[in-house]
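In this text, residue positions in the sequence shown follow UniProt numbering: the first is 1, and each later residue adds one.
Even glycine gets a Cβ: it sits at the ideal position worked out from N, Cα and C.
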Amino acid sequence: MDDITALILDDHAAFRRGFARLDDAEGEEQLTAVWDALALHLEIHAEAEERILYPHLLQEHTDEAEEETDDAIRDHNKIRDAIEEARKHPVGSDEWWKAVWDARKENSEHLTEEEDEVLPDFRKHAGTQLRVDLGAQWLTFYGEHPSGKGLTFTDKDPKRYIEEHS
Numbered sequence: 001m002d003d004i005t006a007l008i009l010d011d012h013a014a015f016r017r018g019f020a021r022l023d024d025a026e027g028e029e030q031l032t033a034v035w036d037a038l039a040l041h042l043e044i045h046a047e048a049e050e051r052i053l054y055p056h057l058l059q060e061h062t063d064e065a066e067e068e069t070d071d072a073i074r075d076h077n078k079i080r081d082a083i084e085e086a087r088k089h090p091v092g093s094d095e096w097w098k099a100v101w102d103a104r105k106e107n108s109e110h111l112t113e114e115e116d117e118v119l120p121d122f123r124k125h126a127g128t129q130l131r132v133d134l135g136a137q138w139l140t141f142y143g144e145h146p147s148g149k150g151l152t153f154t155d156k157d158p159k160r161y162i163e164e165h166s
């Protein structure tokens with residue numbers, strides 16, 4: 001069974017490929033096809049992390065857990081906000097590209113922080129069995145929410161999130 005950190009890294013690789021596909025897309029139809037799938041995956045991924053990974057990170061009570069979680073929630077909010085902004089503009093317009101670029105920039109920064117800080121910290125403090133158990137929860141979450149079914153993609157207050165999950 002996959003451990004949650006490997007599954008998260010798989011998603012991160014998919015995001016990088018999605019943005020590269022967007023670079024190569026031509027015309028409104030291709031841009032829409034690539035962006036809609038990528039934006040949905042970004043939103044589902046953020047929800048999965050906020051329901052599965054970050055609560056456990058906070059429960060480990062490491063020195064960095066609260067700061068890392070606060071940063072992640074803020075990053076997810078910025079990505080969601082950029083996705084929402086893109087929806088307000090015609091696909092391929094300058095305004096749409098600006099919003100997509102904002103999502104890409106925020107996502108790239110988030111992936112780097114998570115891969116360099118959060119996931120190593122989590123691996124150090126979470127045993128293999130917990131990571132495998134959370135990996136199973138991750139896969140179940142994606143299976144229970146195909147195409148985001150039943151999820152609401154809304155910003156979260158980082159302070160309240162930390163209080164509720166610590």
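Delimiting residues of the alpha helix (DSSP H) encompassing residue i
i           : result
residue 68  : 65 to 87
residue 116 : Unbroken run through residue 116: none, as it is neither H nor E.
residue 127 : Looking at the DSSP string, residue 127 is not in any alpha helix (DSSP H), and its letter there is neither H nor E.
residue 56  : 54 to 59
residue 17  : 4 to 24
residue 32  : 27 to 48
residue 160 : 158 to 165
Of the residues the options, the one placed nearest residue i, counting alpha carbons only
i           : options        : result
residue 35  : 100, 149, 138  : 100
residue 147 : 164, 47, 131   : 47
residue 97  : 126, 19, 7     : 19
residue 143 : 39, 10, 15, 44 : 44
residue 161 : 7, 16, 59, 88  : 59
Short Cβ contact (8 angstroms threshold) for residue i with residue j
i           : j           : result
residue 83  : residue 4   : no
residue 62  : residue 121 : yes
residue 31  : residue 118 : no
residue 103 : residue 86  : yes
residue 50  : residue 76  : yes
residue 55  : residue 165 : yes
* **the stretch 99 to 117 / the stretch 147 to 155 touching (three or more Cβ pairs under 8 angstroms)** => Proximity of the stretch 99 to 117 to the stretch 147 to 155 falls short of the contact definition, fewer than three beta-carbon pairs being nearer than 8 angstroms.
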